[in-house]
Structures are given as structure tokens and as C-alpha cells.
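Same order as they appear, the protein sequences are chains A and B. Taking the working numbering, the leading residue of the first sequence gets 840, the next gets one more, and so forth. Taking the working numbering, the leading residue of the second sequence gets 1401, the next gets one more, and so forth. Backbone N, C-alpha and C fix where the C-beta goes; we use that ideal spot for every residue, glycine too. Here's the structure we're looking at; comments come further down.
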Amino acid sequence: MIGQVFHGFGTGAVYAALALALVLVHRFTGVVNFAQGELAMVSAYVAWQLVDAGLSYWVALPLTVAVAFGAGALAQRLVMRHAGDAALIMTIGLYVFVHALAAQIWSSALRTFPNPFPGGPLGIVGPLGVVAAVLALLYLVIRHSGAGLTLRAVAADPRAARLSGIRVGRVHALGWGLAAATGAVSGVLIAPVVFLEPGMMGGVLVSALAAAAVGGFVNPVGAVAGGLLIGVAETLAGTYLWADLRVVVPLAIMLVVPAVRLSAFSRVRA
Amino acid sequence: MRRLALVALLLVSACRLTSADVVLSSPAECAGQRADGLSPDRVVVGGIYPLSGPASAYAAVAQGVSAYFAWANARGGVAGRQVEFLVRDDGYQPARAVEEARRLVDSDRVFALFQTLGTPSTAAVRGYADRRGVPQLFVASGASDWGDASYPWTIGFQPTYAAEARVYAEHLLRTRPHATVAVLYQNDDFGHELLTAFEEAVAGTGVEVVARRSYEVMDADVQAQMADLAGSGAGVFLNVGTPKFAAQALAADAAMTGWNPLHLLNGVANTPSLIAAVGPAALRGVLTTNFYKDPAAWPDDPAVRTYLGAVGKYVPEADPSSSQVMFGWTSAAAFAATMERMECPSREGLMAAARHLRGVELGTLLPGITLSTSPDDPYPVEELRVFRFADSRWEAV
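Pasting the structure below:
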């Protein structure tokens, strides 16, 4: 039982990281980015390529996060900026495009990804720690930096922000960049377990969307809590109730949570 | 003049649409049978494979088939006919597979569909092949469904998943008659067929399935299932996953130092991609089954040497050491053997030949394994041999 809960937290940490990315994009640009998982998958490939070229894991990780930040911002500037009302559909288009591109470049062969954390229950602490660090970092950036202030201003009222001289387009790009960087962490965290291949984030995205829904797509803490909750619930449901139930868990949570939104989450806004 | 040309074009196209090539000449019992795409010196066949999408690793099968036909054409063709092999991509989507089958039959006028790959695509095309009376020969899927008598135009090739399960059961009964078994299986027809057949085969014996856990193809990973199965402490682990999940299970098994069961890896998962990803250390001692020669293990075999030369010459982009390329080559050789045994040069004749294969030997099948069918037994290959992963490759047990 304890072991199963630990495994649930491990998977949940990955959901939480991707959910965090979804919340960032939604909060700062008002769009649910269905391509978030695929961007994370490409980031994992970038990390793999760097490690394969001989870099150490702990050098490759920040490099990857930086590349992901750039790619996310670029995707916003080049594609999403012109999407207008079709933004949601555009992210689905981006999903298909990025997926096909990755399959073209890296083929769909399975690849081994180095795992910096030890196996067993203790290995769960690593991913959880990384996600906690990312959450803390985001909190610092958004709450206590100039860029964070403009981000929050744009999120609160884009029009007023624009009128007071903030370049809203750039801030949107910043939001996408931050989200892609956060998503990259989730891709890198799960790649050692599931093996690297273009479809690796498909199942993760569904759970991450549900986790983001727990935070109402605006609350980072709620999203992280949702991710962990879903990770544990899936694992326990699959083990102790009925194997087929595992797939239903994120969907059930997506349905139930908007109805009984935990008020505690809505108060703790990062 | 232009009008005349148009009329002529219309007439020609009308003829193309309505005329079916019918066998006119001898032997008498063949008269009236259909032979589109077949002439005395040429035969057009079409194959549908996932060249793109999630299962695109199986595109290697098409490379092996292409290599065989190119090699056969250079040596005078199959039964005196040059083979024109058309490869289409379904992206592993059943709907696209049907669309491509329709294009191959209606527009390219193929004589037969030689191979569709995967259970979903094959099942989707089966109804169309049956309605149009087009052979769907030696499909690349181990489901038992392809022996269904209500679809006489479809026939399988490789041993069924049930046959494979029985081989594992027999091996255990012989070597570990009181084994406890933990099973990880994919929650779909493939997983259920293998698991059910295994449980039936060990029912009433000393071998007992003590734990079974499933996963969905949408799941991210199988870590939790593996932790749970390890808790059973079973002496044998039966891994019934597709390559990605089977690889995760292998890695998880290797990482768990407290549980070291005999690991049985199902044949579907035994791909070069899995072996490369998991690495030889995690595979050491693992058992699997096969029915054709692994190019890496039989480099000096004459049939394998021919194969290696032909793949290198005709499909240089293929990896000849890949077991999937070899699978494609072997199934194409089976198609050629069937063409040679065709009594009527027609679609009916091809299906009749496919259901009357009597101990046909192919160079790349393992020694002692032959193609055998009869109208009551439409399963060409039914035997498998057990292999153990030694230091770097599979070795016969």
C-alpha cells in the first residue's frame, strides 16, 4: 500500500509539472495549450541529444530548460500571436505538427534516457523535489520580479496593461516561455521511466489537464496538488479497485472538481 | 478532334471500370474465376503498413517484403511473373487502411492484398476484402481471428498469440512444473488472448498464475503494476506488452533487486528497438519465442546469407539485422511459395493454394518449422521455438 502511494506520487509529480505549465499559459494568455505535452516531449529529446553528445545530466538539464523557454516564446511569437480567436484550435494544430516533426527527426524507435535518481521508493523524492523547486522558482519570479509584475498586470487586465505602456505581446511570449520551460522539466522527469518516443506524453497530457482543472486552470498550487492527487488516485484505483478504472480517474476528477472546487485552493494564489 | 479524344477517353475509362479480368483459357474448372492484376508475366500486389505514426517501427516489415520481391524479380520473378509490389501507409489507423485497400483494389487493380499489418487495420480491411472477393493474404498479426471461416478471403501467417501462450506453458511445465507466475498484460484483445490461452494451458497443473495486472495503451508507465506484481514474489514473470510497455517492464524488473523471476517476453515485444533501448544487461536470461531465423544468430546460414545480400543490394536503407525485416522477407517467401502452388491463375486459385500448403519449407524458417494449412486448419505457421537471451543475442534453448 505504502509502495503504491509512493509510485503514485512519482507519477503525480510529472503530472503536476505539466499541469503547472498548462496553468501558466492559460493564466497569462487565456488559452489551454494542448501542445504543451508535445513541447515537453521535444524538450526531452533535446536533453537526450545533449546527454548523448557527452554532456553531464546536470549541465544538459538547465540547457534544455533554456532551449525550451526560447522555443515556447518563439512558438507564441510566430504562431500563436496571429491565431486570434482560433488560438485553442491552433494549439491542437501545433500538437499534430510538433508530434509529426519529432517522429520525422528522431523516428519512433524507443530510446533510453538517463535517470539521475535512484530506483525504489527513495527515487520518488527526486522528482518531487524538482517539482517543488520549480514551483518555488515560479513563485519568486511571478511575485517578486519586475517581469512577474508585468505578467500579473497582463493577466489581470490586458487592455489596461497595454494602455499603461506594457508590451502585451512580449509578456505573452514570456508566459509561453515559462510554461515551456516548466513542461520541459516534466518531460525530462518521465523520460527515464517511459523511454523516449514521440507518443510518450499522450497519456500524461490527459492527467495533466485534469490536474490543471483542479486549480481551475489559474491556480498553480491547485494544479500541483491536483497532479499529485491524480497520480495517487490512479495508482490506487488500478491496484485495489479494478484495473480498467485507472483510465477513468483523471476524467472523473475533471468532472467532479469544478463542482466542488476546494475554496482553499482559490485563496492561495501564487 | 478534342471531342473525339474525350469520347475515346470516356470509353476507355468505362471499360476499366466495368471489365474484370476473367480466366478464359484452360484448365476448364478455372473458367470464370477472377484474375485482375494477374497476367502470365506480371502480378500486382499491394501491402498496407504503418509507415508513419505510433507503430512506424513496423515499416521495416515492408522493407523485407520489398527486398524479397526485388530479389525474386531479378531471378525471373515469382512463378514466372514479375511482382509489382505497391506499399501504402495507413499510419496504423484502421479507417485509413480501408481507404488504402480500396485504392489498391479499385484504382491500382491489384491481384491481391499481400499483408496488412496489425490487428486493428487487418480487421478493418477484412470486411472489404470479403465483399470484393480480394485475397488478403498472410496478414501480419497474431490474432486467432484470421482463421474465421466466414471470411474466406483472409488468412493469417504467424503463430497465433494463443499458440505462443501454449509454448510458454509447455516450457514451464517441462522445466518448472510448480512455478508461480505473475502476468503483466495489455488490456485489449492481444493481451486477453495470450493470457487466457496461457491460463487454459496451465489449468489443472502445478503451474499457477498468482498475480495478474493490466495496463492501458494510454497509460504513461507500468511502474505501479510492476511494484504490485513484485509483491506476489512469483518465480516467473510473463510480459505480455507491446514494445514500449514491455521495455518499461523489463527495465523495472532489472531495477528491482529483491525480485528476480524468470522473465518471459512475448514475441510481439521482441523488436530491435526494444533490445537497443533496454540493453543486454536487462535482457540476460530472458526467454522468448520465434519461428524464423534471427539474422544476428544465423549469419552463416545459406538462406540468411542470401537474405543479407539481397537486403543490402535492393533496400540498402533497411537494417538487415532487424528481425522485422526478416519477418517481411519470410512472409514474402511464403507468398511466392503459394503463387507457385496456384492451380488456377486466379484470386480463387490463390486462396485455394493458401489453404492447401502441405509442409512447405522456407529457408528462413527455423529448422523443422513448415507452412501447413488445410481447409480446416487455416493457420500457416503453428510452431515456435524457445530462445534465451545470452550475452548479446538470442540463443536456442
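Annotation: the continuous beta strand (DSSP E) that includes residue 1448 of chain B extends over 1442-1449. The continuous alpha helix (DSSP H) containing residue 1561 of chain B extends over residues 1561-1575.
Distance between residue 842 of chain A and residue 1077 of chain A, taken at the CA atoms: about 14 Å. At a C-beta separation below 7 Å, residue 846 of chain A has these neighbours in chain B: 1623, 1624 and 1627. Note that the C-beta distance between residue 911 of chain A and residue 1049 of chain A is not below 8 Å. Not a single C-beta of chain A is nearer than 8 Å to the C-beta of residue 1749 of chain B.
When beta bridges are read from the DSSP output, residue 1558 of chain B appears opposite no residue.
Taking a C-beta cut-off of 9 Å against chain A, the contacting residues of the stretch 1670-1702 of chain B are 1671, 1672, 1673, 1674, 1676, 1677, 1678 and 1679, listed in chain order. Here the stretch 1743-1762 of chain B makes no contact with the stretch 1492-1499 of chain B; the two share fewer than three CB pairs at distances below 8 Å. Contacts between residue 920 of chain A and chain B, judged by CB atoms closer than 8 Å, are missing: the closest CB pair is about 30 Å apart.
Residue state for residue 1648 of chain B is assigned as helix, using DSSP reduced to three classes. Taking the Cβ atoms as the reference, residue 852 of chain A lies roughly 16 Å from residue 1045 of chain A, outside the contact range of under 8 Å.
In the DSSP annotation of this structure, residue 1422 of chain B is not part of any beta strand (DSSP E), being labelled neither H nor E. Residue pairing by DSSP places residue 1639 of chain B opposite B:1584 and B:1665 in a beta bridge. For the stretch 1711-1742 of chain B, the beta-carbon criterion of a distance under 9 Å to any beta-carbon of chain A is satisfied by none of its residues. Our two residues, residue 879 of chain A and residue 1740 of chain B, have alpha carbons roughly 53 Å apart in a direct line. Among the CB atoms of chain A, none fall inside 8 Å of the CB of residue 1582 of chain B. Distance between residue 1586 of chain B and residue 1781 of chain B, taken at the CA atoms: about 24 Å. Residue 1440 of chain B and residue 1600 of chain B have their C-alpha atoms spaced approximately 49 Å apart. By a beta-carbon distance limit of 8 Å, residue 1738 of chain B contacts residue 1754 of chain B. Their separation comes to about 5 Å. Per DSSP, the beta bridge partners of residue 1789 of chain B are B:1794. Look at the stretch 1482-1504 of chain B: it has no residue with a C-beta under 8 Å from a C-beta of chain A. Of the candidates B:1611, B:1482, B:1466 and B:1651, the residue whose Cα lies closest to the Cα of residue 1582 of chain B is B:1611. Around the beta carbon of residue 1436 of chain B, a 10 Å sphere encloses 16 or more other beta carbons of the protein chains shown; the residue is thus reported as buried. For chain A, the residues of the stretch 1637-1663 of chain B that bring a beta carbon within less than 7 Å of one of its beta carbons are 1643, 1644, 1647, 1648 and 1655, in chain order.
One alpha carbon belongs to residue 946 of chain A, the other to residue 1429 of chain B, and they sit about 50 Å apart.
For residue 995 of chain A and residue 1057 of chain A, the gap between their C-alpha atoms comes out near 11 Å.
When DSSP reads this structure, residue 1689 of chain B sits in a beta bridge with B:1786. With its beta carbon less than 8 Å from one in chain A, residue 1620 of chain B belongs to the interface. Looking at the DSSP output, residue 948 of chain A sits in no beta bridge, so it has no partner there. Contact note: residue 1033 of chain A reaches chain B through 1620, 1621, 1644 and 1648, using a C-beta cutoff of 8 Å and chain order.
The Cβ atoms of residue 1561 of chain B and residue 1543 of chain B lie closer than 8 Å to each other. Chain A places a beta carbon closer than 8 Å to that of residue 1454 of chain B, counting this residue as a contact. Residue 1513 of chain B carries a strand assignment under DSSP once its states are collapsed to helix, strand and coil. Rounded to the nearest whole angstrom, the C-alpha separation of residue 1012 of chain A and residue 954 of chain A is 31 Å. For residue 1616 of chain B, a Cβ of chain A is located within less than 8 Å of the residue's own Cβ.
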